[in-house]
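Below is one structure; the comments refer to it alone.
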Amino acid sequence: GTNIAKTDFFKQRSVPKQTMDVNAYLRDEKSYKKTSGLLKNITPEFIVSDIRDLANYDKENYDVINLSNIPNYFVGRKEHKIKDFISILKNLAKITTNNGIIFFYSYSETIYEDKKGPPASSKETLEKINQLGIFELKSESFLGLNEGEDRITILKKL
């Protein structure tokens with residue numbers, strides 16, 4: 065893991081924490097080998113697509129869809145786009161296997177000028193997603209890249 069952390073890819077990222085702190089699989093040789101072993105027989109498929117078109121990309125069903133922090137950029141500070149975001153999640157549920165997972169990342173509220181997190185990750189939005197009745201919703205907070213706690217929102221398809 066140490067050699068990968070020293071590559072140009074990681075050097076170009078400007079985060080206040082060490083690469084090893086942000087990428088747990090790089091912390092030590094044991095973590096790296098464990099992750100490598102888990103991925104040995106898996107061929108992840110990376111799809112480059114507009115989030116609005118992702119559900120139309122393929123008719124295949126996916127076990128995991130990682131939206132990274134795209135929802136926060138898609139919605140931005142525009143509350144009216146929450147409805148579109150929820151509609152996108154409903155469409156993504158159609159291409160997610162039963163018990164499959166859709167997840168997305170949210171930075172700590174402390175990095176925003178108004179100290180409020182992005183609308184896509186707000187408690188109100190998460191409650192609206194929960195009310196759809198198609199996902200089991202779970203949020204996990206952890207020490208973030210910046211000050212405060214970042215969060216991952218996990219939507220497990222029912």
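Quick note, the sequence shown lines up with residues 65 to 222 if you use the numbering used here. The beta carbon of each residue, even a glycine, is placed where N, CA and C say it ideally should be.
Out of the options, state which residue places its alpha-carbon closest to the alpha-carbon of residue i.
i    : options                : result
V112 : N120, L102, V139       : N120
I152 : A184, K180, K179       : A184
I146 : P182, I216, I165       : P182
I216 : L196, I198, S100, L190 : L190
Please report the straight-line C-alpha distance between residue i and residue j, rounded to a whole angstrom.
i    : j    : result
N133 : F168 : 6 Å
I129 : I115 : 11 Å
K202 : K192 : 13 Å
F206 : Y89  : 16 Å
S95  : R141 : 37 Å
K221 : E124 : 15 Å
G101 : E93  : 12 Å
N162 : K154 : 13 Å
E143 : I150 : 12 Å
N105 : I165 : 19 Å
Would you grab the beta carbon distance between residue i and residue j for me? Rounded to a whole angstrom, and I think it's under 8 Å.
i    : j    : result
G212 : E173 : 6 Å
Would the region 165-182 count as touching the region 135-150 if we require 3 or more Cβ pairs under 8 Å? Contact holds: three or more Cβ-Cβ distances are below 8 Å.
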